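Let me begin by presenting the structure, written as structure tokens, before commenting on it.
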């Protein structure tokens, strides 16, 4: 209503909007509070219409004057679009879906005409309205004044949700964050194209990546509606700077499109895989976190020079660098300064509980004890398969149980009756398998990758109260008195024998208690506190 004369007459009306209005106590008691789903625009309109439904009158009194310094609805495209879409929502809620569709058509036509006729500047707010009308949600987001520091998260993982073990730290952290934040997990974009002679299982890796891409964007966990997983289609060009930029543009466009659809605005980017740097570099963001879980340039199949350069750019340009290896943090302290933070791995303490014998899988129960077990990826660049063979040979009275997908030719162990490779098993079943071990082992190679690692499975083994035997590496010093370690093959086999004879170094209950404070939820809370209340950079 734009006729000035209408605003000089006292009278009743269906609704009126303005800088100030009064409601009687009887009215407030009958109606309750404002419906904040309409906040910032239309909440007073909805309230007054609801008051009319209850028999209350709305009186406009021109002599009652309040000074309003003015809002930004007429100049802000975002606020104009919010008012426009709320007008449709209000009509739909009061008159039904058919009336809402009619209102949407009328408002969309009106905004389209104005977007065209009012030119580039004045028409901006109408173009914004058209964009919001075409993708409007049932309700706009509620005001977040109390949670203004909260961020949305986009994580470029080093693994693929659909075919890797979901115990990886990327997945665990993001799942925990998604309990209270919106999270988009971007499956691994790789570090090189699998090639014969340099990569194992080439055809299988390419096929499973294509299957992952075909899943597009999904919410894999019904209990976490804010957790999304996408698999962008990458072009596997990492050596050529030009082709790498082309690949980054392709991936960035896919991530931007999904982020826009999910309404993730200026998220915090958590990057684990170095090749994501080219993708995130130009993106507007709340913060950039380099999750330095491993030294990826040491990965045997990577283009070392290229990956090392990308790691260097992330180290220089990230707002925060989190480490699970104190040794790696110390090595890179000169490059990171006070942006470096040690964020130890967590453990899914509720999941990794000892299971009764009735819940131990049948294929494991069929294997005679005592059982020396390992669960996790059997990768040829981290697992010492020569050591595993010595275990099989020198401990013929024990069964060696290996659980996990393998990048190594496991035919090597077919001649040993006491070696049992059970292949990949779902994450949900791993605690039940582990509960059937008599000794858990970590048979690592001595290389740069392992020296700067901090395996998650160590805390998982301890949460199950198992005797643990491991080859030596830097982070193991924090577990003195809980884990038997060895510097060579002979010492490793001797430690297994002692574990079989004597059991763990502490009671299973004390071993479990020693890791209970390291829940993934606590790790996620620490990461969120660092990201959302970042210390000023020097």
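In our numbering, the protein residues as written are 32 to 569.
No residue lacks a Cβ here, since even glycine has one placed at the ideal position from N, Cα and C.
Predicted, not measured: the structure shown is a model, and the values here were computed from it.
Its chain contains 392, 395, 406, 434 and 456 as the residues whose beta carbon lies nearer than 7 Å to that of residue 464, once the 5 sequence neighbours on both sides are disregarded; these appear in chain order.
The stretch 429-448 makes no contact with the stretch 361-375, as fewer than three CB pairs between them are under 8 Å. Relative to residue 486, the option among 385, 475 and 526 whose CA is nearest is 475. In this structure residue 35 is exposed. Its beta-carbon is surrounded by fewer than 16 other beta-carbon atoms within 10 angstroms. Counting C-beta pairs closer than 8 Å gives three or more between the stretch 114-128 and the stretch 70-83, which meets the contact rule. Positions of the alpha helix (DSSP H) runs, each at least 4 residues long and wholly inside the stretch 376-434, are given as 393-396 and 416-425 in order along the chain.
Selection 306, 131, 422 and 164 evaluated against residue 218 yields 306 as nearest (Cα-Cα).
Residue nearest to residue 135 within the set 560, 114 and 152 is 114 (criterion: CA-CA distance).
At a Cβ-Cβ threshold of 7 Å, residue 244 and residue 251 do not count as neighbours. If you draw a straight line from the Cα of residue 315 to the Cα of residue 286, it comes to about 13 Å. Between residue 473 and residue 436, the C-beta gap is not smaller than 7 Å, which leaves the two residues out of contact. In this structure, the beta-carbon distance from residue 324 to residue 337 does not fall below 7 Å. Scanning 342, 55, 42 and 104 for the CA closest to the CA of residue 153 turns up 104.
In this structure, residue 513 places its C-beta atom within 7 Å of the C-beta atom of residue 536. Closest by C-alpha distance to residue 343, out of 356, 355, 357 and 326, is 326.
The count of Cβ pairs closer than 8 Å, one atom from the stretch 57-70 and one from the stretch 80-90, reaches three, so the stretches are in contact.
Bridge pairing for residue 208: absent [DSSP].
Taken through DSSP and simplified to helix, strand or coil, residue 373 comes out as strand. With a threshold of 16 other beta carbon atoms within 10 Å, residue 128 falls short and is exposed.
Note: residue 348 is not bridge-paired with any residue in the DSSP secondary-structure output.
Within the model, the alpha-carbon separation for residue 426 versus residue 543 is close to 28 Å.
At a Cβ-Cβ threshold of 7 Å, residue 470 and residue 531 count as neighbours.
For residue 524, same chain residues with a beta-carbon under 7 Å away, outside a window of 5 residues either side, are 421, 422, 425 and 426 in chain order.
For residue 560, the enclosing alpha helix (DSSP H) begins and ends at 551-563. For residue 206, the closest C-alpha among the options 290, 188, 339 and 477 is that of 188. The three-state secondary structure of residue 465, taken from DSSP, is helix.
In summary, residue 373 is exposed, with fewer than 16 beta-carbon neighbours lying within 10 Å of its beta-carbon over all protein chains present. Linking residue 349 to residue 58 through their CA atoms gives a straight-line distance of about 54 Å.
Burial is judged here by how many other beta carbons sit within 10 angstroms of a residue's own beta carbon; residue 93 has fewer than 16 and is exposed. For the pair residue 376 and residue 484, the CB atoms are not nearer than the 7 Å cut-off. Taking C-beta atoms under 8 Å as the contact rule, residue 558 and residue 353 qualify, at a distance of about 7 Å. Here residue 321 has 302, 345, 346, 349 and 352 as same chain residues with Cβ atoms under 7 Å from its own Cβ, once five neighbours each way along the sequence are excluded. Residue 215 counts as buried, since at least 16 other C-beta atoms from the protein chains shown sit within 10 angstroms of its C-beta. Sixteen is the threshold: when 16 or more other Cβ atoms of the shown chains lie within 10 Å of the Cβ of residue 116, as they do, the residue is buried.
In this structure residue 298 is not in contact with residue 283, their Cβ atoms being roughly 14 Å apart against a cut-off of 8 Å. By DSSP's assignment, residue 481 forms no beta bridge with any residue.
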